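J.: Protein chains in written order, with the UniProt record's numbering: chain A, 1 to 210; chain B, 1 to 210. Where a beta carbon is used, it is the ideal one built from N, C-alpha and C, also for glycine. Predicted model, so just to flag it, every value in this text is computed and none were measured. Could you have a look at this structure, given as structure tokens, before my questions?
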DNA sequence: GAGATATACAAACGATCGGTCGTTAATATA
DNA sequence: TATATTAACGACCGATCGTTTGTATATCTC
């Protein structure tokens, strides 16, 4: 027997803790998040964390892992329902916008907070977060290449270049919507990518007009 | 007499402290920055800070002010040397790229770190940083409008929309260059804005080809 | 049922946090 | 020259940081 109530309960609370950690980290970052506050938020004691993780960094690494899974399920997976090509590319962008506007995470985007926090802080967390960004950009880039292969994007497009643009225009919505002009940021972030794709697409009717 | 050695020395050390604070905050944020480490970095005692500022938040606010001045002098002012219109708009973008690639600040961009840190943290610092972002976007928007008035940008352009795109494509260079692909981020960030402007400009010869 | 294992906790650790207090020495004001 | 004022400091405050230790207890293995 490996289905044991004790370990199962451990796994459940482990997941609950990680969910809270990702949620809080989207607001105050993974370092800004303190074990004391995380304990309060989860209704446990902070010493209990050390039954699950060796130290704070291990918890942070697992939180990144959890956030990657969440992002994959909520943003990447839905986009795969759209037909490959330029429509899937825009579906990916819209899934991201929905993730933000739905308020899935109180801070908007876990990766925005954490990457800004760790881009200058060498260590395991930085490496893990860097890999997450590389994988994400790689996925966008592959969708661009596939759209080109399908003849749905101009042949002169540089996939890495366009992937950078799509990511940058999407990511900065988080900051602008919270710090500057609220809903207008979503309009700008959506339209920027949409018009860029339409301009590069031989058959713009594949995409909404606006 | 108001030119007094004592107060002058105070002003000098005040400026030196703020410069260090902005520098450190570009790496670890304005909250991540602790008074103890700032004291070590400046070779002073942390209790000395309270001769200049009432509390940490006042120091943070002055640090933002200092960073705004630095940004204005190093990025905004040089762009004004270029002729108004689309050339000035691109000169502004290039001045920003130079600010990043020259390594003026060890963390790349003070505002990127601090805005990501405070976008979800209500208070005076958030308000001040929000205003800085508003002013910066307003400046870009005015340059767009001026370029349109000069007939150097397509009449269908929405200035706020284009300002968002220019800022987003420039800002994310900081993150990508540090966390992902180094120099390639500069190429992507530069080319994205350049090609966007060229596509909207009736006379692309005003801008470099690549 | 016995013994090992694992979850979770309270209490406490040294370090560091932002901040206070009282003092010293240099300068400004009179 | 006498008197405020000021920059700057060392010592210390309570709170919180991440972490360690020891313990109680529920579950799993045998």
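#1: Going by C-alpha to C-alpha distance, which of A:197, A:98, A:41, A:42 sits closest to residue 165 of chain A?
#2: Grab the span of the alpha helix (DSSP H) containing residue 181 of chain A for me, first residue to last.
#3: Looking only at its chain, what residues have a beta carbon closer than 7 angstroms to the beta carbon of residue 31 of chain A, apart from the 5 residues adjacent to it on each side?
#4: Looking at chain B, is there any beta carbon in it that lies within less than 8 angstroms of the beta carbon of residue 161 of chain A?
#5: Quick one: grab the DSSP three-state call for residue 67 of chain A.
#6: Using the Cα positions of residue 22 of chain B and residue 175 of chain A, report the straight-line distance between them to the nearest angstrom.
#7: Assign residue 81 of chain A to one of two classes, buried (16 or more other C-beta atoms within 10 Å of its C-beta) or exposed (fewer than that).
#8: Quick one: list the residues of chain A neighbouring residue 194 of chain B, beta-carbon separation under 8 angstroms, in chain order.
#9: State the DSSP-derived secondary structure class of residue 210 of chain B, mapped to helix, strand or coil.
#10: So is residue 45 of chain A in contact with chain B if we call contact Cβ pairs under 8 angstroms?
#11: Give the residues from the segment 103-136 of chain B that approach chain A closer than 9 angstroms (Cβ to any Cβ), ordered along the chain.
#12: Among B:87, B:35, B:62, B:92, whose alpha-carbon lies nearest the alpha-carbon of residue 73 of chain B?
#13: In chain order, which continuous runs of the alpha helix (DSSP H) of length 4 or greater are located wholly inside the segment 72-151 of chain B?
#14: On the DSSP letters alone, give me the boundaries of the alpha helix (DSSP H) that residue 38 of chain B sits inside.
#15: Within this structure, are the beta carbons of residue 129 of chain B and residue 143 of chain B separated by less than 8 angstroms?
#16: Interface residues of chain A around residue 175 of chain B at Cβ under 7 angstroms?
#17: I'd like to know if residue 191 of chain B contacts chain A, where contact means its C-beta is closer than 8 angstroms to some C-beta of that chain.
#18: Starting from residue 227 of chain A and walking both ways along the alpha helix (DSSP H), at which residues does that stretch end?
#19: Between residue 171 of chain B and residue 112 of chain B, which are expected to be in contact by the criterion C-beta below 8 angstroms, what is the C-beta distance as a whole number of angstroms?
#20: Would you kindly work out how many angstroms separate the C-alpha atoms of residue 168 of chain B and residue 34 of chain B, rounded to a whole number?
#21: Only counting the same chain, and skipping five residues up and downstream in sequence, which positions put a Cβ closer than 7 angstroms to that of residue 85 of chain B?
#22: Going along chain B, which residues have a C-beta under 8 angstroms from residue 178 of chain A?
#23: In chain order, what residues of the same chain lie with their CB nearer than 7 angstroms to the CB of residue 2 of chain B, ignoring the 5 residues before and after it?
#24: Does the distance from the C-beta atom of residue 20 of chain A to that of residue 8 of chain A stay below 8 angstroms?
#25: Measuring only the C-alpha atoms, how far is residue 202 of chain A from residue 88 of chain A?
#26: When DSSP labels each residue in this structure, what does residue 155 of chain A get in the three-state scheme?
#27: To the nearest angstrom, how far is it from the Cα of residue 53 of chain B to the Cα of residue 191 of chain A?
#28: Relative to the C-alpha of residue 61 of chain B, which residue among B:29, B:188, B:125, B:132 is closest?
#29: Comparing alpha-carbon positions, which option in B:16, B:63, B:51 lies nearest residue 41 of chain B?
#30: How would you list, in chain order, the residues of chain B whose beta-carbon sits under 8 angstroms from the beta-carbon of residue 165 of chain A?
#31: Output, in sequence order along the chain, the residues in the segment 11-37 of chain A whose CB is closer than 9 angstroms to any CB in chain B.
#32: Which residues of chain A have a Cβ atom closer than 8 angstroms to the Cβ of residue 172 of chain B, listed in chain order?
#33: At the level of alpha carbons, what is the spacing between residue 180 of chain A and residue 205 of chain A?
#34: To the nearest angstrom, report how far apart residue 156 of chain B and residue 12 of chain A are at their CA atoms.
#35: In terms of alpha-carbon separation, which member of B:94, B:109, B:138 lies closest to residue 28 of chain B?
#36: Is residue 45 of chain B near residue 106 of chain B, with beta carbons less than 8 angstroms apart?
T.: This is what the structure gives:
#1: Checking every option, the nearest Cα to that of residue 165 of chain A belongs to A:197.
#2: For residue 181 of chain A, no alpha helix (DSSP H) run applies, since DSSP gives it neither H nor E.
#3: Apart from sequence neighbours up to five positions away, the residues of its chain that approach residue 31 of chain A with a beta-carbon distance below 7 angstroms are 117, ordered along the chain.
#4: Under the Cβ criterion of 8 angstroms, residue 161 of chain A is counted among the residues facing chain B.
#5: Here residue 67 of chain A sits in helix by DSSP.
#6: One C-alpha to the other measures close to 20 angstroms.
#7: Exposed: under 16 other Cβ atoms inside 10 Å.
#8: Ordered by position in chain A, no residue passes the 8 angstroms Cβ test against residue 194 of chain B, which lies about 11 angstroms from the chain.
#9: Shown here, residue 210 of chain B sits in coil according to DSSP, grouped into three states, outside any helix or strand.
#10: No, residue 45 of chain A does not count as interfacial toward chain B.
#11: Answer in chain order: 106, 107, 108, 112, 113, 115, 116, 117, 118, 119, 120, 121, 126, 129, 130, 133, 134.
#12: Checking every option, the nearest Cα to that of residue 73 of chain B belongs to B:92.
#13: Here the runs fully enclosed are 86-101, 110-118, 124-149.
#14: For residue 38 of chain B, the uninterrupted alpha helix (DSSP H) run begins and ends at 35-42, by DSSP.
#15: Not a contact, by the Cβ cut-off of 8 angstroms.
#16: Here the neighbours are 115, 116, 119.
#17: Yes, because at least one Cβ of chain A sits closer than 8 angstroms to the Cβ of residue 191 of chain B.
#18: Nothing about residue 227 of chain A can be reported from this structure: the residues present for chain A run from 1 to 210 only.
#19: Their Cβ separation, rounded to whole angstroms, is 6 angstroms, which keeps residue 171 of chain B and residue 112 of chain B in contact under 8 angstroms.
#20: Using only the alpha carbons, I get a separation of about 29 angstroms.
#21: Cβ neighbours of residue 85 of chain B within its own chain (closer than 7 angstroms, five residues either side excluded): 146, 147, 150, 152.
#22: Within chain B, the residues near residue 178 of chain A are 119, 120.
#23: Because residue 2 of chain B sits at a pLDDT of 39, beneath the cut-off of 50, its placement in the model cannot be relied upon, and the following sentence gives the value as read from the coordinates. Once the five neighbours on either side are set aside, residue 2 of chain B has no close Cβ partner at all.
#24: Pairing residue 20 of chain A with residue 8 of chain A gives a Cβ-Cβ distance that is not under 8 angstroms.
#25: Residue 202 of chain A and residue 88 of chain A: Cα-Cα distance of roughly 16 angstroms.
#26: It is coil, neither helix nor strand.
#27: Answer to the nearest angstrom: the Cα atoms are 44 angstroms apart.
#28: In terms of CA proximity to residue 61 of chain B, B:125 leads the group B:29, B:188, B:125, B:132.
#29: Looking only at B:16, B:63, B:51, the smallest Cα-Cα distance to residue 41 of chain B is reached by B:16.
#30: Going along chain B in sequence order, the residues near residue 165 of chain A (Cβ under 8 angstroms) are 169, 188, 192.
#31: When CB distances to chain B are screened at a threshold of 9 angstroms, the residues of the segment 11-37 of chain A falling below it are 26, 27, 28, 29, 31, 32, in chain order.
#32: The CB of residue 172 of chain B comes closer than 8 angstroms to the CB of 164, 167, 168, 171, 172 in chain A, given here in chain order.
#33: When only Cα atoms are considered, residue 180 of chain A and residue 205 of chain A end up about 33 angstroms apart.
#34: Those two C-alpha atoms are separated by around 54 angstroms.
#35: Out of B:94, B:109, B:138, the CA that lies nearest to the CA of residue 28 of chain B is found in B:109.
#36: Taking a C-beta distance under 8 angstroms as the contact criterion, residue 45 of chain B and residue 106 of chain B do not qualify as a contact pair.
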